[in-house]
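This report concerns only the one structure given below.
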Amino acid sequence: MHALLVEDDDRMARALGTALAQRGHTTRRVGRALDALRLVHEAEFVLLDLGLPDLDGLDLLRRLRTVCDAPLIVVTARCEERDIVQGLRAGADDYVVKPFRMAELMARIDTVRRRTDRPGTPAEAAGPRIAVGDVVVDLAARTVTVAGRPVHLTRREFDVLAHLAARRTQVHSREEILDRIWGDAFLAVSRSLDVHVAGIRAKTGRSHLVRTVRGFGYQLGTEGRPAAHPADTAADGPDPAGREGGPGGSQDTLA
Ligand code: CA
């Protein structure tokens, strides 16, 4: 399998790369969070060091989880209970504290892979680009276009949209989204989630792109059924998401 190894320490990276190769895995090693975000879509599993030079590892973990469902094991020197809980809550499948025994880490990789190995997890099935009507969310490039034109979302707005888009068939509770994106399920200012959703709708001009599930949370909207008449595409209809845009209103495709 193909591993993404996010580790800024050369010696550690070499040791891990060798051990992974001995077990038949190929490895792409990166030392910076930005490169991890760029390359994570090719990974079948991820080993993540939390102490990185350009971004806190927990922030990176949350951002990786918005675009990727691959098994992920944190491998870090941070050994406080609080760190471990935060890592697991941010979406790590396992957490290994340095120094560790290589054989134990390899056994944990096998276990996590067995547990998560199911065909067509949502992010894999969807691929890195997800289309809803004429809105295309590119998870790897972190871009959004509407009818072919780029739309500039803030980092958090994109993270929220990407989280919904990567698991488009699921309804997501407010707590889950806050936990994954903000790292705190009970954020005092949890209204900031609504503000971000409003921002996504306003900037894309596609109010149905994010569907509100009252009293619970949000889901990625659907394009709706193909209209029988042009009149059915009226912007204020209750159902079709993002059909207002004229040309390029593509099918609800997975690219
Ligand atoms: Ca480090």
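Last residue of the sequence shown: number 1284 in my numbering, and the count goes up by one each step with no gaps. Virtual Cβ for every residue (Gly too), placed ideally from N, Cα, C. All values reported here derive from a predicted model rather than from experimental measurement.
Asked                                                                                                  : Found
Whether Val-1125 touches Val-1103 by CB criterion (8 Å)                                                : yes
Phe-1187 - containing alpha helix (DSSP H), residue span                                               : 1184-1195
Cα-Cα separation between Arg-1058 and Thr-1198, rounded to whole angstroms                             : 32 Å
Cα-Cα separation, Leu-1117 to Thr-1172                                                                 : 28 Å
Check whether His-1225 and Glu-1186 have beta carbons under 8 Å apart                                  : yes
Leu-1084: CB within 7 Å of a non-hydrogen atom of ligand 2                                             : Annotation note on ligand 2: not contained in the displayed structure, which lists ligand 1 as its ligands.
Environment of Val-1114 [buried if 16+ CB atoms lie within 10 Å]                                       : exposed
Thr-1233 and Val-1180 closer than 8 Å at C-beta                                                        : yes
Beta-carbon separation (whole angstroms), Ala-1062 vs Leu-1084, contact threshold 8 Å                  : 4 Å
Helix, strand or coil at Gly-1177 according to DSSP, with G and I counted as helix                     : coil
beta-carbon Asp-1139 near ligand 1 non-hydrogen atom, thresh 7 Å                                       : no
CA nearest to the CA of Thr-1251, picked from Val-1239, Cys-1097, Gly-1244                             : Val-1239
Top-ranked residue by Cα proximity to Leu-1038, from Leu-1079, Asp-1167, Phe-1074, Arg-1067            : Residue identity differs from the one stated: residue 1038 is Asp in this sequence, not Leu. Nearest option by C-alpha distance: Leu-1079.
Span of the beta strand (DSSP E), counted from its first residue to its last, around Asp-1223          : Premise fails: Asp-1223 lies in the alpha helix (DSSP H), 1220-1233, not in any beta strand (DSSP E).
Residue from Ala-1065, Val-1069, His-1070, His-1031 with nearest C-alpha to Arg-1052                   : His-1031
Three-state class that DSSP yields for Gly-1250 in the structure shown                                 : coil
First through last residue of the alpha helix (DSSP H) which encompasses Ala-1048                      : 1039-1051
Local conformation of His-1031 per DSSP, three classes                                                 : strand
Beta carbon of Thr-1056 nearer than 8 Å to that of Pro-1100                                            : no
Counted within 10 angstroms of its Cβ, other Cβ atoms place Arg-1272 as buried (16 or more) or exposed : With a pLDDT of 38 at Arg-1272, under the threshold of 50, the predicted position of this residue should be treated as unreliable, though the coordinate-derived value follows. Classification for Arg-1272: buried.
Contact test: Asp-1088 Cβ vs ligand 1 heavy atom, cutoff 7 Å                                           : no
Buried/exposed call for Glu-1036, threshold 16 Cβ in 10 Å                                              : buried
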